[in-house]
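Each remark here refers to the structure printed beneath this line.
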Amino acid sequence: MKILSILKKKKSIQTTTLISKSPLNMQILDPDDYTVVDIPIINEYFNEVNIGDEVKIIKIENQLYLLQTEK
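This note's numbering applies: residue 397 is where the sequence shown begins, and numbers increase by one.
Right under this line is the structure:
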């Protein structure tokens with residue numbers, strides 16, 4: 397097993413809004429500077445998220461990642 401390291405702590409999770417969605421991508425607002433960020437839809441969970449919904453993200457090395465949350 398590889399050695400694991402902590403990149404971010406739970407307190408680094410932010411909330412933002414889904415502003416647009418296509419079959420392959422979604423657009424969210426970066427909560428730090430409000431720029432529009434395109435994120436690919438990588439699994440079926442995100443097909444259930446609708447425009448206007450709030451989503452949880454984490455930023456690592458200036459890259460945004462959507463977090464899957466329980467419904």
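Even glycine gets a Cβ: it sits at the ideal position worked out from N, Cα and C.
query, result
"Separation of D429 from L403, as counted between CA atoms", "21 angstroms"
"C-alpha gap between Q464 and K417, whole angstroms", "16 angstroms"
"Reference Q423, options N446, I399, E440 and K405, closest by Cα", "N446"
"Close-in-space but distant-in-sequence residues of the same chain around L462 (CB under 7 angstroms, 5 per side omitted)", "I435, F442, V451 and I453"
"Beta-carbon proximity check, I456 vs V432, cutoff 9 angstroms", "no"
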